[in-house]
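Asker: Protein chains in written order, with my numbering: chain A, 20 to 523; chain B, 739 to 921.
This is the structure:
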């Protein structure tokens, strides 16, 4: 524990180095702005900032992106509550109670509850992240290839099971991602796969090119097709924050802690990010909360539950990224990309080899949560003014950042063409309701899955039962299968409920 | 069988064709076989199999299911399904085509015009394509935005971006000179 405290102390000191501090402040501000803008998702925002980090030190880069990630879970709350415009899907649940409270004449109070929820969720999940990352990494060090393969399978299964859209579409999206990841030179035999004779493809396709295209260009093209028809902002009244009293906070403290823990746990599960955390937490409160009958009428619980869970999910999502090198969400995938661009591979070894960096990232996250709340308290008015920017203008700049991102990854124009191609695929996916997340996770986790699988096959004489007979791998594979069955069970339950409703 | 069911199958038929083509490509992968070791085509074939199987199941469901519109969806669908999409404006294909054309034009022209000039032209054209009509704002935001991008990516971060060929490279040079650099 003393070692942990000393490392953290050193991390906090490092945070105050000018470049790290600048990255932290900029990350928080940009994250809040991205959260506010409805046309710009959190993942897109993190991707677009990536080119700015190429020449930065790895620690400052990750501090910047992590700060954006955490503040992006908070910024959209302002517009949800004040204007009924969720800047992020995360903040859709805030429309139900947050906006209702604002309409009932208490917008400042609703914003105050959001701030408290983000603060408590962020701080609590930070403690859990700091305490859990090292033990998880220590366990992961004992893993062999079958265990790694099982964990990756669990990540892929959960992104399918917890995603949106039909399961068949999700599987097709995932398989396309796995195939894109297999383009290039095979790691075991050194043979070319799907390179079509092009030298560039022999080096494979960078997952960031896929992400920038599918999330950035695809999304902008989809919105352009609809003429950038965002909802109009009607009023800016009440854009300040009134904190709830200690007695009021005390009255919801159990729910606040429960929602934060729930958000943190959901964040750890690959594929389930802040949005799922926010919805699940609201759902739990609606089902089991003390004032469940009043949910949706503008009560504090309906604001606190989704917001605390969303912010708490960030600390959770960083645990598998740092301890196992596995990104569980779009934003953590970009952060993984930033690590790799700087030649750092997150995973169990990183806590040993780059402890300074890891603890600086830890410290920056806590400082980021406080800074985010301070800015949220004092700077709501200027932050929400960004809504006055026409979406056509913002989107034009987003496209240029996408181009720069693609051209700068390997410094060639072929990546620009690939990115545009993936942008068009992203658009088609949105058009025909194929989810993008499995595609992207397939591209990122595909090489890890294939390498673990092939190495396990070599080590265990092509005995595929090792994935099921070894205790840890077998347990994780069982959980993976249960995860895949969840949508089927949910569908059966829904059908049964519909049948009984018809009879009744 | 209703026409709508057949139309709904089209995307999955496309995926089946894609799977077949990719499977053929895996037969072209050359490698020196090692005894007792799995071939490099194995993993892609697993993914292709998953793609083909999913497409076949969906085609079967679209053709023969009593309720083809009711598919088994991820949990996220159930969680978020209650909330309508914020963006429900009608689609305008011509806008999409203009957007794609502009984007492709940028990629075609950037090596000739250079990043600076291409960016400026793209920003102006895209804002007009997006339906924005404040001319002063469009031209000034494009100019300032271009200068900002050039400063950040060509002077501060030093990203390798095309400078263009003569005579257009002089625009890039002029902008760099504005920032006091003589690259």
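The beta carbon of each residue, even a glycine, is placed where N, CA and C say it ideally should be.
Here the structure is a predicted model, which is why all the values come from computation and not from measurement.
If you measure between the beta carbons of residue 383 (chain A) and residue 138 (chain A), is that distance less than 9 Å?
Answerer: It is not a contact, given that the beta carbons lie outside the stated cut-off.
Asker: Identify the contact partners of residue 857 (chain B) in chain A, using a Cβ-Cβ distance below 7 Å as the criterion.
Answerer: Simply 419.
Asker: Who pairs with residue 211 (chain A) in a beta bridge, going by DSSP?
Answerer: DSSP output for residue 211 (chain A) lists A:204 as bridge partner(s).
Asker: Could you name the residues of chain A that residue 833 (chain B) contacts, counting a contact when the two beta carbons are closer than 7 Å?
Answerer: 243, 244 and 246, listed in chain order.
Asker: Listing by chain order, which chain A residues have their CB less than 7 Å from the CB of residue 778 (chain B)?
Answerer: Going along chain A in sequence order, the residues near residue 778 (chain B) (Cβ under 7 Å) are 205, 207, 208, 210 and 212.
Asker: Does the distance from the CB of residue 328 (chain A) to the CB of residue 350 (chain A) come in under 9 Å?
Answerer: Taking 9 Å as the Cβ cut-off, residue 328 (chain A) and residue 350 (chain A) do not qualify as a contacting pair.
Asker: Tell me whether residue 154 (chain A) is buried or exposed, calling it buried when 16 or more other Cβ atoms sit within 10 Å of its Cβ.
Answerer: Flag for residue 154 (chain A) reads exposed.
Asker: I think residue 131 (chain A) touches residue 262 (chain A), with their Cβ atoms under 8 Å apart; what is that distance to the nearest whole Å?
Answerer: With 8 Å as the limit, residue 131 (chain A) and residue 262 (chain A) qualify as a contact, their Cβ atoms being about 4 Å apart.
Asker: Determine the direct distance from the alpha carbon of residue 237 (chain A) to that of residue 831 (chain B), and round the result to whole angstroms.
Answerer: Distance between the alpha carbons of residue 831 (chain B) and residue 237 (chain A): 14 Å.
Asker: The stretch 35-68 of chain A: which residues have C-beta closer than 8 Å to a C-beta of chain B, in chain order?
Answerer: The residues in question are 57.
Asker: Tell me, please, whether the CB atom of residue 153 (chain A) is closer than 9 Å to any CB atom in chain B?
Answerer: So, not an interface residue.
Asker: Measuring straight from C-alpha to C-alpha, what distance separates residue 462 (chain A) and residue 758 (chain B)?
Answerer: Each residue's Cα considered, the two are about 20 Å apart.
Asker: Here's the rule: buried if 16 or more other CB atoms are within 10 angstroms of the residue's CB, otherwise exposed. What is residue 317 (chain A)?
Answerer: That one is buried.
Asker: Can you look up residue 342 (chain A) in the DSSP assignment and give me helix, strand or coil?
Answerer: It is helical.
Asker: Starting from residue 60 (chain A) and walking both ways along the alpha helix (DSSP H), at which residues does that stretch end?
Answerer: Counting along the chain, residue 60 (chain A) falls outside any alpha helix (DSSP H), and DSSP gives it neither H nor E.
Asker: Between the stretch 35-54 of chain A and the stretch 854-872 of chain B, do at least 3 Cβ pairs fall closer than 8 Å?
Answerer: No contact exists between the stretch 35-54 of chain A and the stretch 854-872 of chain B.
Asker: Among residues of its own chain, excluding the 5 on either side of residue 34 (chain A), which ones have a beta-carbon nearer than 7 Å to its beta-carbon?
Answerer: Excluding sequence neighbours, residue 34 (chain A) sits near 40, 43, 379, 382, 383 and 386.
Asker: Mind pulling the chain A residues with CB within less than 7 Å of residue 745 (chain B)?
Answerer: Neighbours of residue 745 (chain B) on chain A: none; closest Cβ ~12 Å, over 7 Å.
Asker: Can the beta-carbon of residue 869 (chain B) be found less than 9 Å from the beta-carbon of residue 186 (chain A)?
Answerer: No, the Cβ-Cβ distance between residue 869 (chain B) and residue 186 (chain A) is not below 9 Å.
Asker: Counting pairs of Cβ atoms below 8 Å between the stretch 759-773 of chain B and the stretch 439-448 of chain A, do you hit three or more?
Answerer: Contact between the stretch 759-773 of chain B and the stretch 439-448 of chain A is absent, because fewer than three Cβ pairs lie under 8 Å.
Asker: Using a Cβ cut-off of 9 Å (strictly closer), state whether residue 409 (chain A) contacts chain B.
Answerer: Closer than 9 Å to some Cβ of chain B, the Cβ of residue 409 (chain A) qualifies, so yes.
Asker: Within the same chain, show all residues whose beta-carbon is closer than 6 Å to that of residue 160 (chain A), passing over the 5 residues directly before and after it, in chain order.
Answerer: Same-chain partners within the cutoff: 367.
Asker: Please name the residue, chosen from A:301, A:100, A:454 and A:506, that lies closest to residue 184 (chain A) on a Cα-to-Cα basis.
Answerer: Answer by Cα proximity: A:454.
Asker: Starting from residue 477 (chain A), find everything on chain B with Cβ-Cβ shorter than 8 Å and list it in chain order.
Answerer: Going along chain B in sequence order, the residues near residue 477 (chain A) (Cβ under 8 Å) are 775.
Asker: Of all the residues that make up the stretch 350-361 of chain A, which are near chain B by a beta-carbon distance shorter than 7 Å?
Answerer: Within the stretch 350-361 of chain A, no residue has a Cβ that lies closer than 7 Å to any Cβ of chain B.
Asker: Can you confirm whether residue 74 (chain A), when its beta carbon is compared against all beta carbons of chain B, has any partner nearer than 9 Å?
Answerer: Cβ-Cβ to chain B under 9 Å: yes for residue 74 (chain A).
Asker: Out of A:194, A:71 and A:311, point me to the one whose CA is closest to residue 428 (chain A)'s CA.
Answerer: Checked all of A:194, A:71 and A:311; the closest Cα to residue 428 (chain A) is A:71.
Asker: Short of 7 Å Cβ to Cβ, which residues in the stretch 742-767 of chain B face chain A?
Answerer: Answer in chain order: 749, 753, 760, 763 and 767.
Asker: Report the neighbours of residue 897 (chain B) on chain A: residues whose CB is nearer than 7 Å to its CB, in chain order.
Answerer: 70, 73, 423 and 427, listed in chain order.
Asker: Between which two residues does the alpha helix (DSSP H) holding residue 436 (chain A) run?
Answerer: Looking at the DSSP string, the run of the alpha helix (DSSP H) that includes residue 436 (chain A) is 432-450.
Asker: Just checking my contact of residue 28 (chain A) with residue 82 (chain A) at CB under 8 Å: how many whole Å lie between their CB atoms?
Answerer: 17 Å between Cβ atoms; not a contact.
Asker: Taking DSSP as the reference, what is the three-state secondary structure of residue 137 (chain A)?
Answerer: Note: residue 137 (chain A) maps to helix in three-state DSSP.
Asker: Relative to chain B, which residues along the stretch 179-192 of chain A have a C-beta separation below 8 Å, given in chain order?
Answerer: If the cut-off is 8 Å between Cβ atoms, the stretch 179-192 of chain A has 179, 180, 181, 182, 183, 184, 185, 186, 187, 188, 189, 190 and 191 near chain B.
Asker: Chain A beta carbons: is any one of them nearer than 9 Å to that of residue 867 (chain B)?
Answerer: For residue 867 (chain B), the answer is yes, since a Cβ of chain A falls inside 9 Å of its Cβ.
Asker: Distance check for residue 364 (chain A) and residue 156 (chain A), CA to CA, integer angstroms please.
Answerer: Cα to Cα, the separation comes out at about 13 Å.
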